[in-house]
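See structure below.
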Amino acid sequence: MTTLPAPSQPARVAALYRFARLDAFEALRAPLAAFCCGRGIKGTLLLAHEGINGTVAGSDEAIAALIEHIEAIDGLSGLEVKYSSAAAMPFHRMKVRLKREIVTMGVETIDPAASAGTYVEAGDWNALISQADTIVIDTRNAYEVSIGSFKGAVDPATASFREFPAWVEAHRADLEGRKVAMFCTGGIRCEKATAYVKSLGFEDVFHLKGGILKYLEEVPAEQSLWQGECFVFDERVSVSHGLTEGDAELCRACRHPLTASELASPRYAAGVSCPHCFDARSDEDRKRYAERQRQVELAQARGRGPHIGS
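Using my numbering, the first residue of the sequence shown is number -14, and each one after it goes up by one.
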């Protein structure tokens, strides 16, 4: 009998992906959704012609069963999986979605399964990015970078991954004659980014295997070149070394992660505003958000658990 974790109980979190040709990916949607829902697993899985991507959480038993199940699907053995834990279930529901890409770049001719850059293990990453001829590029979006990144990394300041190819085109001269080392949260975006950069004719292209999550799991804090926390796409908001839950919180008005100093700003009000969105919202907006926050707090006080709108 499968154990279904209660929302307030600890959960195992699995961030997974695999680039692989899935010609009949649509047929996987319903069986995967049924498998997860039947075992109390929540989160999101994305399916496309190029493979699978997602983050899910559940009991140890349920997550182990899901990984075994996906690994048995033709073409999906060899999943890249990073495990961590959450003090409580970090997702509200289970979703399995069909997409054009499992990570959206908008360049359909790229095939990471055939042409990605060279994997670099977490334990070897420091040596690579410390070399004078290496340019280190954070392929995540600006709001993720805002709470943490590797020392000396270039921030392309993108709002979405779709903007990354244009940024590379605009900075090709900076990449010429250098080793290009890229990283992201779990490894999927930087793997696709390396395939794109290699398609432009660059050869010395590398990416962090398993992403920041694997680095924070394996590299001791005293040896780390990581600064700050790593944003994650669930209710934990961020993680730090050892994949422990971080201190960042989410602005419930604009969904931007907030550091301790931003939470202390006079422009921050829980559920209403933060330094990133204060000037972009009207007083009427803030009144509406304040009422929503009041309803969230009432629901929590009545013991109804997290409010879905929170």
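Note that beta-carbon positions come from the ideal geometry of N, C-alpha and C, so glycine has one too.
Note that this is a predicted model, so its numbers are computed, not measured.
- Remark: C-beta atoms of residue 40 and residue 218 approach each other more closely than 8 Å.
- With respect to the 8 Å criterion, residue 163 and residue 119 are classified as neighbours on the basis of their beta carbons.
- Three or more Cβ pairs closer than 8 Å define a contact, and the stretch 40 to 50 falls short of that threshold against the stretch 189 to 206.
- Measuring C-alpha to C-alpha distances from residue 83 to each of 211, 107, 14 identifies 14 as the nearest.
- Secondary-structure assignment with DSSP links residue 242 through a beta bridge to 235.
- A residue is called buried when at least 16 other Cβ atoms come within 10 angstroms of its Cβ; residue 268 does not meet this threshold and is exposed.
- No Cβ-Cβ contact shorter than 8 Å links residue 168 with residue 98.
- Around the CB of residue 251, fewer than 16 other CB atoms lie within 10 Å, so the residue is classed as exposed.
- In its chain, beyond the 5 residues on either side, 259, 261, 262 have a beta carbon closer than 7 Å to the beta carbon of residue 239.
- Closest option to residue 216, judged by alpha-carbon separation, among 204, 55, 230, 209: 230.
- The Cβ atoms of residue 208 and residue 126 lie no closer than 8 Å to each other.
- Residue 38 and residue 56 have their C-alpha atoms spaced approximately 13 Å apart.
- Sorting 26, 226, -4, 160 by C-alpha distance to the C-alpha of residue 203 places 226 at the top.
- Assigned with DSSP and collapsed to three states, residue 103 falls in strand.
- Taking one beta carbon from each stretch, the stretch 165 to 181 and the stretch 148 to 155 have 3 or more pairs nearer than 8 Å; the two touch.
- Taking 8 Å as the upper bound for CB-CB distance, residue -1 and residue 92 are not in contact here, some 28 Å apart.
- Of all C-beta pairs linking the stretch 239 to 249 to the stretch 140 to 151, fewer than three are shorter than 8 Å, placing the two stretches out of contact.
- Using a Cβ distance threshold of 8 Å, residue 201 and residue 170 do not count as a contacting pair.
- Distance check between residue 80 and each of 86, 54, 29 places 29 closest, using alpha-carbon atoms only.
- As a beta-bridge residue in DSSP terms, residue 167 pairs with 122, 192.
- Taking 8 Å as the cut-off, the beta carbon of residue 31 is found no closer than this to the beta carbon of residue 122.
- Counted as a single uninterrupted DSSP element, the stretch harbouring residue 68 is not any alpha helix (DSSP H) but the beta strand (DSSP E) occupying residues 65 to 71.
- Membership of residue 281 in any beta strand (DSSP E) is not indicated; the residue belongs instead to the alpha helix (DSSP H) covering 268 to 286.
- Linking residue -6 to residue 233 through their CA atoms gives a straight-line distance of about 21 Å.
- One alpha carbon belongs to residue 172, the other to residue 113, and they sit about 16 Å apart.
- CA-CA distance, residue 96 to residue 133, rounds to 29 Å.
- Proximity to residue 220 across 22, 64, 74, 59 peaks at 74, based on C-alpha coordinates.
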